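Peer 1: Got a structure for you, written out below as structure tokens; questions coming shortly.
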Amino acid sequence: MKMWKKFLNVGVALGTVSLLTACGGSSDSSDGDKTDFTGDTLTLGVWGGNESEEKALDQIIKDFEAEVGAKVEKKVYTDYNTQIQADMAGKTAPDAFYVDISMYPWFSQNGVLAELDSDKFEIDKFYSTLTDGFTTDGKLYAVPKDMSTLSLYLNTEVFEKTEVSIEEIPTSYEEYVDWLPQFQEKIDKVYGKGKVFAMSYNLEMSRNYHLAIRDGGKPINEDGTANLASDKVVDNLSILKDLTDTKAVVTPKDIGTGWNGEAFGSGKIAIMDEGNWVYETLKTEFPSIPFTVRKMPTYKGTEGSMMFSVGWGKYVGTKQSDLADKWIQFATNKENMTAWSVGTGTLPSREDAAEEAKITENEDLKVHLDAWDYATIWQDGVTLDTVDKAYQNFLPKALDGSETFSEAMKQADEQANADIQAN
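Quick note on numbering: the sequence shown equals residues -22 to -1, 1 to 401 in mature numbering (1 follows the signal peptide of the UniProt record, and there is no 0).
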């Protein structure tokens, strides 16, 4: 599911601009009792997905049109953040649109989302961690349509050929530091040196954020400024240096591949942490690679993972408030969320839909689903993307030893805060 992976790294590209006036006030008021939408048109703002996503969304739209009598027009954005913000400023935003949970603070701060009546959307059926991520001051502004979490993927063929039992895999990151060199040595004997590596890692903060916040670490201050060089955050993230120093851990780019799924699918990686979006990709594009899924390692004695979600929000300036509510209700009800999950490989954000889709009967996907209880949402204010870019620029210096971790993160803070101040 490369499209989702790509979007996770986009974040909020523009600085905060005032859209409150440009929006033209709140959505039209109504009692929500309208049922006949014949002749009405609803516009939906989405980004382009893969073939399975397009097919699943089009089917839900077709069923919705048949049920309510309205016409639905999709507005597909190629540069989502930039284009949808421009439409909001120009009062041409779609009636309902995708809200990435990492972007939600920006939308909330700029007042472009209409408040949703939680009683209309069966919110008690959803995983509370997700609905909390789309809530401000106790008010709901988007309904999560799906979610994804990180888990470990293990190439079982590599373990079989090296005669290493999967049960030997450490349960904590700290234990990996001592275990990885031994595993890599066995891999080299079977495959040859430099052909296959024990583990992969990613430079994005969206993968490492759950490590950075252990024991109260705060990568971003309350005022939005970067705090990567703080003692706690540096100490937390130093495990990445310990892991890369084993020479058994590489990035996908290090081995000539574009992303984790490709690196793992080509048989060059034994262990990777990845979202459930990769599950169907491995099944369809790399069917010769046998794998199993395990929960993420603990760190500093606690469980952790990352959680990503996208919700449906309603534009504050919509003239089709009732119809937009109807769409969000329809798209996120038990039946359609189940169909969406089965069709796209995402995880349902409703517990009853997860049961209906039989996610718990799939041992691999169940690992991802169970992570909702302890995973950290990829969300931290409106400067998250700016801090992440600086983090990615300077993390390599910390990992290759050209600078200390503290020095590298100090430079990352300086870059991020300069960019934040400039905006």
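In this text, a Cβ means the ideal position worked out from N, Cα and C, and glycines have one as well. All values reported here derive from a predicted model rather than from experimental measurement.
(1) Tell me whether the beta-carbon of residue 52 lies closer than 7 Å to the beta-carbon of residue 22.
(2) To the nearest angstrom, report how far apart residue 260 and residue 177 are at their CA atoms.
(3) Using C-beta distances below 6 Å, list every residue in its chain close to residue 72, excluding the 5 sequence neighbours before and after it, in chain order.
(4) Based on the DSSP secondary-structure assignment, which residues constitute the bridge partners of residue 328?
(5) Measure the C-alpha to C-alpha separation of residue 74 and residue 346 and round it to an integer number of angstroms.
(6) Pair every Cβ in the segment 213 to 231 with every Cβ in the segment 112 to 126, then say whether three or more of these pairs are closer than 8 Å.
(7) Under DSSP, the alpha helix (DSSP H) around residue 315 begins and ends at which residues?
(8) Whole angstroms are fine: how far does the CA of residue 300 sit from the CA of residue 66?
(9) Are the CB atoms of residue 365 and residue 248 within a distance shorter than 7 Å?
(10) What's the C-alpha gap between residue 278 and residue 40?
(11) Could you spell out where the alpha helix (DSSP H) holding residue 335 opens and where it closes?
(12) If we count the other Cβ atoms within 10 Å of its Cβ and call it buried at 16 or more, is residue -15 buried or exposed?
(13) The beta strand (DSSP E) with residue 158 in it runs from where to where?
(14) Classify residue 156: buried if its beta carbon has 16 or more other beta carbons within 10 angstroms, exposed otherwise.
(15) Measure the alpha-carbon distance for residue 158 versus residue 151 and round it to whole angstroms.
(16) What is the DSSP secondary structure of residue 49, counted as helix, strand or coil?
(17) Do residue 361 and residue 202 have their beta-carbon atoms positioned less than 7 Å apart in this structure?
(18) With residue 126 and residue 255 assumed to form a contact (beta carbons below 8 Å), what rounded beta-carbon distance in angstroms separates them?
(19) With C-beta atoms as the reference, is residue 214 less than 7 Å away from residue 189?
(20) Quick check on residue 293: does DSSP put it in helix, strand or coil?
(21) Could you tell me how far apart the beta carbons of residue 78 and residue 211 are, in whole angstroms, since I believe they sit closer than 8 Å?
(22) Roughly how many angstroms lie between the CA atoms of residue 48 and residue 132, to the nearest whole one?
(23) Thinking C-alpha only, which one of 219, 28 and 36 is nearest residue 381?
(24) Among the residues of its own chain, which have a CB less than 6 Å from the CB of residue 250, if the five just before and after it don't count?
(25) For a test of the three-state rule: what should DSSP assign to residue 134, helix, strand or coil?
(26) Taking the beta carbon of residue 162 as the centre, do at least 16 other beta carbons fall within 10 Å, making it buried, or is it exposed?
(27) For residue 180, does the count of other Cβ atoms within 10 angstroms reach 16, so buried, or fall short, so exposed?
(28) Within the same chain, show all residues whose beta-carbon is closer than 7 Å to that of residue 369, passing over the 5 residues directly before and after it, in chain order.
(29) At which residues does the beta strand (DSSP E) containing residue 76 begin and terminate?
(30) Over the uninterrupted alpha helix (DSSP H) stretch that includes residue 239, give me the two end residues.
(31) Would you check if there are 3 or more beta carbon pairs closer than 8 Å linking the segment 372 to 387 to the segment 348 to 360?
(32) Roughly how many whole angstroms lie between the Cα atoms of residue 216 and residue 307?
(33) In terms of residue numbering, what span does the beta strand (DSSP E) encompassing residue 252 cover?
(34) Considering only DSSP beta bridges, list what residue 66 is partnered with.
(35) Alpha carbons only, please: which of 275, 200, 377 and 310 is nearest the one belonging to residue 124?
(36) Within 10 angstroms of the Cβ of residue 31, are there 16 or more other Cβ atoms? Answer buried if so, exposed if not.
Peer 2: Reading off the structure:
(1) yes
(2) 17 Å
(3) 21, 22, 23 and 53
(4) Note: residue 328 is bridge-paired with 104 in the DSSP secondary-structure output.
(5) Cα to Cα, residue 74 sits roughly 28 Å from residue 346.
(6) no
(7) 312 to 322 is the span of the alpha helix (DSSP H), which, as asked, contains residue 315.
(8) 20 Å
(9) no
(10) 49 Å
(11) Per DSSP, residue 335 belongs to no alpha helix (DSSP H) and is neither H nor E.
(12) Note that residue -15 scores 41 on pLDDT, short of 50, meaning its location in the model is unreliable; the coordinates nonetheless yield the value given after this. Answer is buried; the Cβ neighbour count reaches 16.
(13) From DSSP, residue 158 is part of no beta strand (DSSP E) but of the alpha helix (DSSP H) over 151 to 169.
(14) The residue is exposed, with fewer than 16 neighbouring Cβ atoms inside 10 Å.
(15) 10 Å
(16) strand
(17) yes
(18) 6 Å
(19) Result yes, Cβ atoms of residue 214 and residue 189 sit closer than 7 Å.
(20) strand
(21) With 8 Å as the limit, residue 78 and residue 211 do not qualify as a contact, their Cβ atoms being about 24 Å apart.
(22) 47 Å
(23) 219
(24) 131, 178, 238 and 242
(25) Helix, per DSSP.
(26) buried
(27) buried
(28) The residues are 183, 206 and 390.
(29) 74 to 78
(30) Unbroken alpha helix (DSSP H) run through residue 239: 238 to 243.
(31) no
(32) 45 Å
(33) 247 to 253
(34) According to DSSP, residue 66 bridges with nothing at all.
(35) Residue 310 is the option with its Cα nearest to residue 124.
(36) buried
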